[in-house]
Amino acid sequence: MQNDLIIAGFGGQGVLLIGKMLAYAGMADGKEVSWLPSYGPEMRGGTCNCTVVISDRPVGSPVVERPWVAMVMNLPSLEKYEGMVKPGGMVLVNTSLINRTVARTDVRVVNVPANEIANRLGNPRAANMVALGAYLGATRAVSLEAVEGLVRETFASKPKVIDSNLAALREGYALGERETAVAQEVGA
Amino acid sequence: MQNDLIIAGFGGQGVLLIGKMLAYAGMADGKEVSWLPSYGPEMRGGTCNCTVVISDRPVGSPVVERPWVAMVMNLPSLEKYEGMVKPGGMVLVNTSLINRTVARTDVRVVNVPANEIANRLGNPRAANMVALGAYLGATRAVSLEAVEGLVRETFASKPKVIDSNLAALREGYALGERETAVAQEVGA
Amino acid sequence: MAKKLMKGCEAIGEAAVKAGCKLFFGYPITPQNEIPEYMAHRLPQVGGTFVQAESEVAASNMIYGAAGSGERVFTSSSSPGISLMQEGISYIAGSELPVVIVNIMRAGPGLGGILPSQSDYFQATKGGGHGDYRLLVLAPWSVQEAADLVQDAFDLADFYRNPVMVLGDGLIGQMMEPVEFKPERTPCKPLAPKEWAATGCSGDRPTNIVNSLFLDPEVLERHNQKLKAKYDRMVRDEVRCASYGTDRPYDVLVVAYGTVARVSSTALDDLRGEGVDAALFRPITLFPFPHAELRAAAEKAQEVLVVELSTGQMIEDVRLALEGRKPIHFLGRQGGMLISPEAVAEKVKAIQASSAEVRRG
Amino acid sequence: MAKKLMKGCEAIGEAAVKAGCKLFFGYPITPQNEIPEYMAHRLPQVGGTFVQAESEVAASNMIYGAAGSGERVFTSSSSPGISLMQEGISYIAGSELPVVIVNIMRAGPGLGGILPSQSDYFQATKGGGHGDYRLLVLAPWSVQEAADLVQDAFDLADFYRNPVMVLGDGLIGQMMEPVEFKPERTPCKPLAPKEWAATGCSGDRPTNIVNSLFLDPEVLERHNQKLKAKYDRMVRDEVRCASYGTDRPYDVLVVAYGTVARVSSTALDDLRGEGVDAALFRPITLFPFPHAELRAAAEKAQEVLVVELSTGQMIEDVRLALEGRKPIHFLGRQGGMLISPEAVAEKVKAIQASSAEVRRG
Amino acid sequence: MAETVVFARPQALAPVTTHYCPGCTHGVIHRLVAEVLDELGLRERTVGIAPVGCSVLAYNYFATDFHEAAHGRAPAVATGIKRARPDLIVFAYQGDGDLASIGMAEIVHAANRGEKVTVVFVNNAIYGMTGGQMAPTTMPGQVATTCPLGRDVNLAGYPIRVAELLATLRTPAFVARAAVHTPLHAVTAKEMLRRAFRYQAEGTCFSLVEVLSTCPTNWGIPPVEATAWVEKNMVPYYPLGVFKTPDGPDRAPRPAPVVEA
Amino acid sequence: MAETVVFARPQALAPVTTHYCPGCTHGVIHRLVAEVLDELGLRERTVGIAPVGCSVLAYNYFATDFHEAAHGRAPAVATGIKRARPDLIVFAYQGDGDLASIGMAEIVHAANRGEKVTVVFVNNAIYGMTGGQMAPTTMPGQVATTCPLGRDVNLAGYPIRVAELLATLRTPAFVARAAVHTPLHAVTAKEMLRRAFRYQAEGTCFSLVEVLSTCPTNWGIPPVEATAWVEKNMVPYYPLGVFKTPDGPDRAPRPAPVVEA
Amino acid sequence: MPQILIDRDLCKGCELCVNACPQKILAIGREINAKGYFFASVVEQKRCIGCRLCCITCPDVAIQMRVSGTMYHYFAY
Amino acid sequence: MPQILIDRDLCKGCELCVNACPQKILAIGREINAKGYFFASVVEQKRCIGCRLCCITCPDVAIQMRVSGTMYHYFAY
Ligand SMILES: Cc1ncc(C[n+]2csc(CCOP(=O)(O)OP(=O)(O)O)c2C)c(N)n1
Ligand SMILES: Cc1ncc(C[n+]2csc(CCOP(=O)(O)OP(=O)(O)O)c2C)c(N)n1
Ligand code: SF4
Ligand code: SF4
Ligand code: SF4
Ligand code: SF4
Ligand code: SF4
Ligand code: SF4
Ligand SMILES: [Mg+2]
Ligand SMILES: [Mg+2]
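Residue numbers (this note's numbering), protein chains in the order written: chain A, 132 to 319; chain B, 132 to 319; chain C, 30 to 390; chain D, 30 to 390; chain E, 245 to 505; chain F, 245 to 505; chain G, 108 to 184; chain H, 108 to 184.
So this is what it looks like as structure tokens:
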């Protein structure tokens, strides 16, 4: 079994971080992993993305042209990656910043108002955690516990934000589980 | 017919210059020529040499491993080049600075007390011209007239030394002719 | 030691530390900035020294000096920076000093772009600097292998007294993978004391001179021949390569190195599912190139496909190895575009189809 | 114009002036100091400019700028200096600018020695700098040919918008031979106005940008492919070579370039006297290498002998050309040692003898 | 009543958004240069030289012809262009890593040859483009990715004052340092740039204006704080002013300040 | 009565003839360095660095370990050695083409990092080894093979005063200029060299001694005339003395001499 | 009367103008532009004294100033 | 009594010592050494004041000085 995904958004939205967390958590879960960032132009701004592979056997190509999942945090990313996802795969959309719907019908769509939820939880910078949670809830690619542990580690120096990040993660998780259940019902 | 020779001595003895003059004169005489200097270590001092080829047809290799003639102006040069001369070739020795005789018996030897003659003519720096003259006298590789013209050109800016150089050249020529005549007699 | 998730650049830095290297001189350039950054932070912890050189030209001469004093030293850069080191590298090779140079290649020529590429193959393997010399060139395909090869690189450099280059593309530098460092590592070559190093002469020993200048051409020729003998010895003893799927019969042999080989291996897995017979040959040393091994592997194939992130450089070595024995195809991307498993698989299928057609007549 | 006895370096300088080049930027290095010295004296006479650069790194960027402004420009150096230019040359190639670079090779690696060598063949032909680019490389065998090829080099550079290298060894630079410059020379390629040059934009025209940076990998890939197409075109249109004695049947084909070919031609003359059948193939363009022409010439031979002042570099191109069709032998000298006609003749005889034996055997 | 535009984008600045980070003063310096080119009427015969650094894409932002240079070699490229076409106005735009580290030899020599070009030297005390490594101009104690504990002057020495260094050379004739961290500093900076380009246009001399600039991203502070950081940390070490003028006394042979004879 | 040898070849100087031209003062400078090494007892832990220039074979002349450097890069090689082995005494011996032209970036940066090495900088106003091309230190009007009509300051600028240039940097701490064209000048030169090596041996600072030297061969005049030429032409432009000391006032932040504020 | 026009799409929300304005009449809004930045706008145009400090300080040339009638400035620019 | 010893094979005949000697007691001879140089020698040893200027100025360290007895020097060297 191989889970692979591309996470994409604006620089500053923390997409590289949640990708790394997935890889760490995968490793903690005893899986083989690889994490590959875009390292765009030697300059600031613009969009960025990373590719994460979590697999039961050694990771072959860390480069994935047709991922199972695309987690898109802004509009340009939706436009770039929507078409690449494998049929039967999934697109996770940050509806807070993307005001159009996914055009494809052969993929599952998980809509996550990540910034709204994060704002509501009092930590506008935790939108990425919401999205990460939703991905976990929808795929169970790695265990929630492993990721929770990583959140604690990552923000160890800023204990104040740990809780809001955990909350964001869990709220996302619930949402991901829910959307998946709905999808399965509809599909059924 | 191809005349080729190596001229060797201390830096400062003017061996490159007489080699060039030979090449120029050869060209003036309508021959094909090449002139190749040693360009030793990027530094001063030491010995230097040049290889001149004067030929009726286009010059093949400008590098000559076994020359017909070696004109040696000091002892190290005699030691280096004596053995290379083709059998039947010629070694022209500046006896003023070389106090040993040529060991080979299969080559013609022309002994020229170049520095002594030059000193006697009042221009110690003209020893190279004596040697050049001797070579011409002994081989007629190019015409004396052509070389005389070049001497006038070369020293045009220092008219005072033209005459002493011409005298050195001619004295050398006479000596070269004489030694050759003797050699031919002996050889005959 | 447990596995750790590390960026390629960091793993390379840590590998150097593990190999006992306490000196780094280098200059920032994407996509390998994390190497100097890692060393700036890590070396002081082990009593080592990090110096940010004023340029790659200076860096190559700093490692020249440090290696000449007998210490393990390394530098890293990316394509344009490596070009600036060519004179220095030629001096180091000429002076027979052991250094490790990491090139995390980006796309060129000129300023080009910063995305992954393999277009410095010629420069690395044929000698980008002047004169008759060679680098021993190692090409990892994963972060773990990068860490392993960097450690070996120090041993090989010391053993041969020759610069060793670890050649990766931007992916190797930038991706994260689990890495494990063995707690106790035995050098991959026997190591002799560096008695030639210029470290001050005690009263009795003659002075040591680190030098590539030999004004007497006969002496320089002997020196060149000695170097040549060393390279011939590498060719004999140091060839490394790997092959995948060569146990079963196959139609197409894919030849690729570094991350591209990795991508190709996934393509082969996918193809197997589709019933296509293909195998992979992966040179690990690019110099010495595994000519004989490749020839043997290609014997069993109908056709050969070379895959590179360049307009075709390693393909010359493949052609030298095969000497016209098999048709050679090429799949290349440039400018920082990556090759996907799908693209490799497609190309293999196309080759197989047309080759089958030809055979059917 | 009448023939003039000139040193190779001076003839190269004068050829540049005759080709309309009014700009020289360079740094002294033996054995080509006479080129900058000639230009320093000559260029002011024709209203041109000579600048002694602070280094070869600077020189390569000065010609970059001058060429970018649309003027003919050249530089010259010798092996270590050329190594320092590798980054600059890669930029020039990437930016598609026409420059002429003369390399009067000396022996390496490192400081090496200053005597003639051909050990920068790889650097010149495979690209010593980073990235996928090629130089068009011309290798004269006489002072006259050096003068002719330098003039052609400017036309070829302009036509292809690519750096052209004239590659000679120390002999070409230092020896004197008669040279003739044609009073009126027609360019060897049609020349278009340099509308791309950065010379200030008048109100209406869009700005011109001289550049090798393409951050978007798709754009850079297209650029790389455009460059590749250009090199392919050179391969198709610009191959130059010469052969000697190929009109009669022969046993051994000698392959050599530059002064070594010249020496070999004398060896053939000598051998003819001795009744040995040998011929000479001389690549004049080293990139594009005359692969097809060489293959054709080798068809008629039993064996092939490659002669180089190196430990063997061009021999790889010969092997690529012949693909195992003929046995290839090598005669090389290094370190500034020269090859004499006698040495070539001897080697040819040895090859012929053992080959005859084999055939008899 | 007729409306007049009293402040707008200069013609020499292309109508595009830059890639610079929010609040990065590279943008201000670009505009000042462009305004000067417009005001002196030089745009159509100007060739700019883009360095390797954050301003590597300057060719997209100026509406003038442009030329790339290898990292640090802009003064050599400028020399090539100016010697080929003395009628052109040539300026190099360089960062502190570019000019003061890898390109030190090229700037010293172009200045010392007296190339009649203008160099706009943007000193932001860091390598911006590559993500915040130490530059030769990084302040003592300042943290950068390659001096994670702050620049240690015992290992890396003190920051180099480029304007002062070049002003000791006899040949180069206009050398000044300005800043743009407040609007009024920018006004003075523009004055200096105008002088620099005027000297070039008149064929007088080499000119270089060092401009203190911010890098909020790599300094890790917001833009407004970054401007304060310039004032507090950089200006005291890098004094503003003109260090050398073509008509000043120092164009004459400078007696060297011997400490002990 | 017992005879004492009061002047003889120092131990740190190998007993061989040099390849230098007659009267070339490279030989004097070699001897002074060797004497200092002997007197300070440093020979056995010294590594010298030979440049590319006439002194390229210095490794044959000093009885110490030696290291080659690429042309101009001796300060970088010195940095590599000293950082690897801080216990060694490292000195670079460089010519003016080597140090002031191609190697300008390396000397400025090694000095500015405060590498604890000693640089012996031999300024003979010419490229000796390659046969007399113009150096950055060639005097105005001086003929060289690449300025056959004499150095034209309008095209090539004025000669660079290296000691002064480096003394403007804050870090480097001992910078001096000496000469050896008369015996008494040589005595002072040795004093300065002794100080330079002492500072290194004590771990104090970077040190550089510029030494004015002759090149009779490429200046085209006999050795004795060449010494007079140094006095007449070089000394006035290149004042002798100490420009910077580790304990002097200028080790402190140097206030920059602003011409106009 | 000076008029300040801020191009919302050029603005990167750096706040330098906000900081520079002596009248404190500029502010960053709560809306996001196409590039994802909160951009600046004029809060109280009529208090503007036309000093141009905002224009001069803006690194992105996002600010234009127009005047109706004649305006005299303290410093030439 | 100082004694000056010039090694004829190290000497390159540059004349710097001849020029430096305040007593003018050194001279270049008419003989040539192995390297082809006319070398220096002491003409009038007894007038030597032992100042060592010749030694110090010789680029080829061809000059040695010995003294019998004690000598005081004006400058330390
Ligand atoms: C030869 C070479 N070395 C290194 C680099 C990587 N590089 C790109 S920009 C840069 C530094 C830029 O810093 P600076 O000049 O201060 O400009 P800033 O980005 O701060 O404006 C470096 C080291 C390169 N492109 N080429
Ligand atoms: C990269 C490189 N460029 C050029 C040269 C040629 N070269 C050798 S020595 C030298 C100049 C030496 O002059 P200087 O440093 O003044 O020393 P001097 O000979 O005067 O003592 C040059 C340019 C070289 N060897 N390597
Ligand atoms: S990284 Fe720094 S210098 Fe570069 S654009 Fe951003 S703020 Fe400006
Ligand atoms: S060329 Fe000049 S510097 Fe070199 S050894 Fe001769 S005199 Fe000395
Ligand atoms: S012109 Fe002056 S007062 Fe008006 S908005 Fe701008 S800064 Fe404020
Ligand atoms: S200064 Fe410019 S970019 Fe910054 S907030 Fe104001 S208008 Fe926007
Ligand atoms: S010691 Fe003094 S007096 Fe004696 S020979 Fe030497 S220079 Fe002359
Ligand atoms: S100074 Fe030395 S080399 Fe020169 S003449 Fe005197 S003894 Fe001879
Ligand atoms: Mg910077
Ligand atoms: Mg010099």
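Even glycine gets a Cβ: it sits at the ideal position worked out from N, Cα and C.
Remember, predicted model here, so these are calculated numbers, not experimental data.
Excluding the 5 residues flanking residue i on each side, which residues of the same chain have their C-beta closer than 7 Å to its C-beta?
{"i": "residue 173/B", "result": "Only weak support exists for where residue 173/B lies, its pLDDT of 39 falling under 50; the value from the coordinates is given anyway. Excluding sequence neighbours, residue 173/B sits near nothing in its chain."}
{"i": "residue 184/H", "result": "159, 163"}
{"i": "residue 240/A", "result": "222, 224, 233"}
{"i": "residue 192/C", "result": "118, 121, 122, 128, 130, 164, 186"}
Give the C-beta separation of residue i and residue j to the nearest angstrom, bearing in mind that I take them to be a contact with Cβ-Cβ under 8 Å.
{"i": "residue 227/C", "j": "residue 310/F", "result": "6 Å"}
{"i": "residue 139/A", "j": "residue 217/A", "result": "Wrong, their Cβ atoms sit about 16 Å apart, outside the cutoff."}
{"i": "residue 365/E", "j": "residue 406/E", "result": "6 Å"}
{"i": "residue 264/B", "j": "residue 307/B", "result": "6 Å"}
{"i": "residue 229/B", "j": "residue 180/B", "result": "15 Å between Cβ atoms; not a contact."}
Please list, in chain order, all residues of the same chain as residue i whose beta carbon is under 8 Å from its beta carbon, the five residues on each side excluded.
{"i": "residue 495/F", "result": "Reliability fails at residue 495/F, whose pLDDT of 46 lies under 50, so the model's placement of it is uncertain and the value that follows must be treated cautiously. The answer, listed in chain order, is 414, 417, 488, 489."}
{"i": "residue 525/F", "result": "Outside the shown range of chain F, which is 245 to 505, sits residue 525/F, and nothing can be said about it."}
{"i": "residue 342/F", "result": "295, 296, 297, 315, 316, 318"}
Apart from the five residues on each side of it in sequence, which residues of its chain come closer than 6 Å, Cβ to Cβ, to residue i?
{"i": "residue 203/C", "result": "60"}
{"i": "residue 338/E", "result": "295, 318, 365"}
{"i": "residue 280/D", "result": "306, 331, 381"}
**OP:** For the region 31–50 of chain C, enumerate the residues whose C-beta is nearer than 8 Å to any C-beta of chain A, in chain order.
**Re:** Against chain A - using a Cβ distance shorter than 8 Å - the residues of the region 31–50 of chain C are 32, 34.
Original post:
Taking Cβ-Cβ distances below 8 Å as the criterion, which residues of the region 181–213 of chain D are in contact with chain B?
Top reply: Those would be 199, 200, 203, 204, 205, 206, 207, in chain order.
Subject >> Cβ-based contacts, 7 Å cut-off: residues of the region 289–300 of chain E near chain D >> reply: For the region 289–300 of chain E, residues whose beta-carbon sits nearer than 7 Å to a beta-carbon of chain D comprise 289, 290, 291, 300.
Original post:
Does the region 159–172 of chain A come close enough to the region 218–225 of chain A to have 3 or more Cβ pairs within less than 8 Å?
Top reply: With the rule of 3 Cβ pairs closer than 8 Å, the region 159–172 of chain A does not count as touching the region 218–225 of chain A.
Original post:
Using Cβ-Cβ distances below 8 Å, what residues of the region 361–380 of chain D are close to chain B?
Top reply: Per Cβ criterion, the list reads 367, 368, 369, 370, 371, 372.
Original post:
Which residues, in order along the region 98–110 of chain D, keep a beta-carbon less than 7 Å from a beta-carbon of chain C?
Top reply: Listed by position along the chain: 108, 109.
Subject >> the region 118–134 of chain H touching the region 168–178 of chain G, judged by at least three CB pairs closer than 8 Å >> reply: No, the region 118–134 of chain H is not in contact with the region 168–178 of chain G.
**OP:** Please list the residues of the region 62–81 of chain C that have a C-beta atom closer than 7 Å to any C-beta atom in chain E, keeping them in chain order.
**Re:** So the close ones are 62, 65, 66, 69, 70, 81.
**OP:** Identify each residue in the region 310–323 of chain F for which the Cβ-Cβ distance to at least one residue of chain D is less than 8 Å, and report them in chain order.
**Re:** Of all residues in the region 310–323 of chain F, 312, 314, 315, 316 have a Cβ within less than 8 Å of some Cβ in chain D.
Original post:
Counting pairs of Cβ atoms below 8 Å between the region 184–193 of chain D and the region 204–222 of chain D, do you hit three or more?
Top reply: Under the Cβ criterion (8 Å, minimum of three pairs), the region 184–193 of chain D counts as touching the region 204–222 of chain D.
Original post:
Does the region 309–321 of chain C touch the region 262–277 of chain C, meaning 3 or more C-beta pairs lie closer than 8 Å?
Top reply: Result yes; three or more Cβ-Cβ pairs closer than 8 Å.
Subject >> Residues, ordered as in the chain, of the region 343–365 of chain F that lie near chain D by beta-carbon distance below 7 Å >> reply: For the region 343–365 of chain F, the beta-carbon criterion of a distance under 7 Å to any beta-carbon of chain D is satisfied by 345, 346, 348.
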